[in-house]
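>
Number of protein chains: 2
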Amino acid sequence: MPDTVESPTDLLRGSGLRATPARRAVIEVLRTKHKHMTVSEVIDALDSKDSKFDQSTIYRVLSDLGGVGLVAESRLSPGDTVFEWISQSNHHHLQCTACGRTLPLDDELVQDFISRVHERHGFHVNATHLVLSGIEHDCPVE
Amino acid sequence: MPDTVESPTDLLRGSGLRATPARRAVIEVLRTKHKHMTVSEVIDALDSKDSKFDQSTIYRVLSDLGGVGLVAESRLSPGDTVFEWISQSNHHHLQCTACGRTLPLDDELVQDFISRVHERHGFHVNATHLVLSGIEHDCPVE
DNA sequence: CTTTGTGCAAACACTTTGCAAGTCC
DNA sequence: GGACTTGCAAAGTGTTTGCACAAAG
């Protein structure tokens with residue numbers, strides 16, 4: 083698992099996008115945080131650093147990055163879209179509907195499931211970032 | 083698997099909700115259509131019948147029905163929120179991102195996956211209506 | 001220099017809310 | 001009659017867009 087951290091600029095050019103400050107900043111933020119983030123979390127993170135970009139820019143940047151597969155987008159609920167940096171390994175989550183907490187979900191289980199679906203249905207599920215909701219066993223709210 | 087079609091009124095009362103025209107109408111629509119529907123599709127369906135309800139009412143009704151577990155709510159990727167009538171058996175779907183087609187997904191596979199997740203993480207996934215995206219094997223568009 | 005990105009403000013779509021009048025039980 | 005629903009209009013949110021200017025290649 084080599085950890086050659088490519089520079090945001092290289093990543094962008096490698097994906098055919100121009101390397102601009104806004105894009106580099108968003109990449110830094112998403113890559114540092116290993117969790118998915120909402121748009122406003124991204125904006126706050128940038129503000130509290132130094133960089134300040136218009137929210138429309140952030141939306142556009144996130145859309146661009148998603149378009150070339152550098153970040154994954156998922157919708158947990160309407161108006162609650164989250165973005166996450168895509169690393170080598172997939173990130174799957176369990177979200178507790180009682181307390182709102184997000185827990186990691188073992189990728190192996192997911193891969194296994196995807197294989198079975200493929201065997202049975204001839205369908206290749208694209209799940210680099212699956213979010214399943216439910217109730218966790220020791221939920222503090224329940 | 084008896085198919086005693088309960089009346090909307092009975093279903094509502096059985097769930098502790100008052101039987102009102104709006105709720106009955108929404109139930110009829112969702113139960114007839116065996117697919118998931120967006121809010122505006124529900125509204126259109128009602129309009130083209132006879133009943134006309136305010137959209138805020140539809141939102142409230144769908145929320146109420148979801149609250150007592152009569153309908154399932156899911157959000158597809160960059161699309162809208164969809165609602166679906168919950169019958170005895172769960173409805174899971176595979177959605178092809180190339181052609182947009184929706185295919186059924188074997189419930190048994192899903193149940194099995196949910197059990198494994200529970201064993202491993204102590205988390206009970208609530209999936210009465212799972213939608214996974216990917217590419218189908220014999221997609222006409224691909 | 002040509003193409004693409006950014007800020008700004010305004011527009012949008014979807015969803016929620018306050019309240020008075022109407023309905024259900 | 002008392003509690004709950006509905007319509008209406010208005011406000012919220014999150015997201016998108018048009019356009020002039022700025023920056024990247």
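Protein chains in written order, with the numbering used here: chain A, 83 to 224; chain B, 83 to 224. We put the CB at the ideal spot given by N, CA and C, even for glycine.
Can you confirm whether the stretch 126 to 139 of chain A touches the stretch 181 to 190 of chain A when touching is taken to mean that 3 or more C-beta pairs between the two stretches lie within less than 8 Å?
no
> Count the other C-beta atoms from every protein chain shown that fall within 10 angstroms of the C-beta of G216 of chain B, then say buried if there are 16 or more, exposed otherwise.
Translated into positions along the second sequence, residue 216 of chain B becomes position 134. Buried, because 16 or more other Cβ atoms sit within 10 Å of the Cβ of G216 of chain B.
> So the beta strand (DSSP E) H174 of chain A belongs to, where does it begin and stop?
Against the first sequence, residue 174 of chain A aligns to sequence position 92. Note, H174 of chain A: beta strand (DSSP E), H174 to C178.
> Tell me the rounded alpha-carbon separation between T210 of chain A and K131 of chain B.
Looking up residue 210 of chain A in the first sequence gives position 128. Looking up residue 131 of chain B in the second sequence gives position 49. Rounded to whole angstroms, T210 of chain A to K131 of chain B spans 42 Å at the Cα level.
> Against chain B, with Cβ distances strictly below 8 Å, would T210 of chain A count as a contact?
Residue mapping note: residue 210 of chain A aligns to position 128 of the first sequence, counting from 1. False, the Cβ-Cβ gap to chain B never drops below 8 Å.
> Just grab the DSSP bridge partners of R157 of chain A for me.
By one-based count along the first sequence, residue 157 of chain A stands at place 75. R157 of chain A pairs with A:T163.
> Are the stretch 195 to 204 of chain A and the stretch 96 to 113 of chain B in contact at 8 Å, needing three or more beta carbon pairs?
no
> What residue range is occupied by the uninterrupted beta strand (DSSP E) comprising G216 of chain B?
Start at 1 with the first residue of the second sequence, and residue 216 of chain B comes out as number 134. That run of the beta strand (DSSP E) goes V213 to E218.
> Keeping to the same chain, check which residues put their C-beta closer than 8 Å to that of F205 of chain B; ignore five residues upstream and five downstream.
Indexing the second sequence from 1 puts residue 205 of chain B at position 123. Result list for F205 of chain B: V199, in chain order.
> Taking the CB atoms as reference points, tell me whether H203 of chain B and L187 of chain A lie closer together than 8 Å.
The sequence position of residue 203 of chain B within the second sequence is 121, counting from 1. The sequence position of residue 187 of chain A within the first sequence is 105, counting from 1. At the C-beta level, H203 of chain B and L187 of chain A come within 8 Å of one another.
> I'd like the span of the alpha helix (DSSP H) that includes L93 of chain B, first residue to last.
Here residue 93 of chain B corresponds to residue number 11 of the second sequence, with the count starting at 1. Run containing L93 of chain B: P90 to G96, per the alpha helix (DSSP H) assignment.
> With distance defined between alpha-carbon atoms, name the residue in A:F195, A:V121 and A:F135 nearest to T102 of chain A.
Your numbering for residue 102 of chain A matches position 20 in the first sequence. With distances taken between Cα atoms, T102 of chain A lies closest to A:F135.
> Between which two residues does the alpha helix (DSSP H) carrying F135 of chain A extend?
Here residue 135 of chain A is taken as the residue at index 53 of the first sequence, counted from 1. Premise fails: F135 of chain A is in no alpha helix (DSSP H) and is neither H nor E.
> How would you call R105 of chain B, buried or exposed, if buried means at least 16 neighbouring beta carbons within 10 angstroms?
Along the second sequence, read from residue 1 onward, the residue named residue 105 of chain B stands at position 23. Counting Cβ neighbours within 10 Å, R105 of chain B comes out buried, since at least 16 surround it.
> Quick one: grab the DSSP three-state call for T114 of chain B.
Taking the first residue of the second sequence as 1, we reach residue 114 of chain B at position 32. T114 of chain B: helix per DSSP, three-state reduction.
> Which chain B residues are close to V179 of chain A, counting only those with a beta carbon under 8 Å from its beta carbon?
Counted from its first residue, the first sequence places residue 179 of chain A at position 97. A small correction: the amino acid at residue 179 of chain A is Thr; Val does not occupy that position in the sequence shown. The contacting residues are N208.
> Look at the alpha carbon of A154 of chain A and the alpha carbon of D126 of chain A, and state the distance between them as a whole number of angstroms.
Here residue 154 of chain A refers to the residue found at position 72 of the first sequence. Here residue 126 of chain A refers to the residue found at position 44 of the first sequence. Their Cα atoms are separated by approximately 19 Å.
> Using DSSP with H/G/I as helix, E/B as strand and the rest coil, what is L185 of chain A?
Reading the first sequence from its first residue, position 103 is the one you call residue 185 of chain A. L185 of chain A falls in the strand class under three-state DSSP.
> With H, G and I counted as helix, E and B as strand and the rest as coil, what does DSSP make of V87 of chain A?
Here residue 87 of chain A refers to the residue found at position 5 of the first sequence. DSSP places V87 of chain A in coil when its eight states are reduced to three.
> Interface residues of chain B around I217 of chain A at Cβ under 8 Å?
Residue 217 of chain A sits at position 135 when you count from the first residue of the first sequence. Within chain B, the residues near I217 of chain A are F205, H206 and N208.
> Taking DSSP's pairing of strands, which residues face V207 of chain B in a bridge?
Reading the second sequence from its first residue, position 125 is the one you call residue 207 of chain B. A:G216.
> Report the rounded CA-to-CA distance for L94 of chain B versus F165 of chain A, giving the unit in angstroms.
Taking the second sequence and counting its residues from 1, the one referred to as residue 94 of chain B is at position 12. Taking the first sequence and counting its residues from 1, the one referred to as residue 165 of chain A is at position 83. Roughly 38 Å between the two C-alpha positions.
> Give the straight-line distance between the Cα atoms of T91 of chain B and V192 of chain B, rounded to the nearest whole angstrom.
Locating residue 91 of chain B in the second sequence gives position 9, counting from the first residue. Locating residue 192 of chain B in the second sequence gives position 110, counting from the first residue. Linking T91 of chain B to V192 of chain B through their CA atoms gives a straight-line distance of about 32 Å.
> Does any CB atom of chain A fall closer than 8 Å to the CB of L94 of chain B?
Along the second sequence, one-based indexing puts residue 94 of chain B at 12. Not an interface residue.
> Bridge partners for T120 of chain A per DSSP, in chain order?
Counting from one through the first sequence, the residue named residue 120 of chain A turns up at place 38. Answer is A:V164, bridged to T120 of chain A.
> For V150 of chain A and chain B, any beta-carbon pair shorter than 8 Å?
Taking the first residue of the first sequence as 1, we reach residue 150 of chain A at position 68. No, no contact with chain B.
> Expressed to the nearest angstrom, what Euclidean distance is found between the alpha-carbon atoms of V207 of chain A and E218 of chain B?
Numbered from 1 along the first sequence, position 125 holds the residue referred to as residue 207 of chain A. Numbered from 1 along the second sequence, position 136 holds the residue referred to as residue 218 of chain B. Roughly 8 Å separates the two Cα atoms.
> Going along chain A in order, which residues have a C-beta closer than 7 Å to the C-beta of R198 of chain B?
The residue you call residue 198 of chain B lines up with position 116 of the second sequence. Among the residues of chain A, those whose CB is under 7 Å from the CB of R198 of chain B are L191, following chain order.
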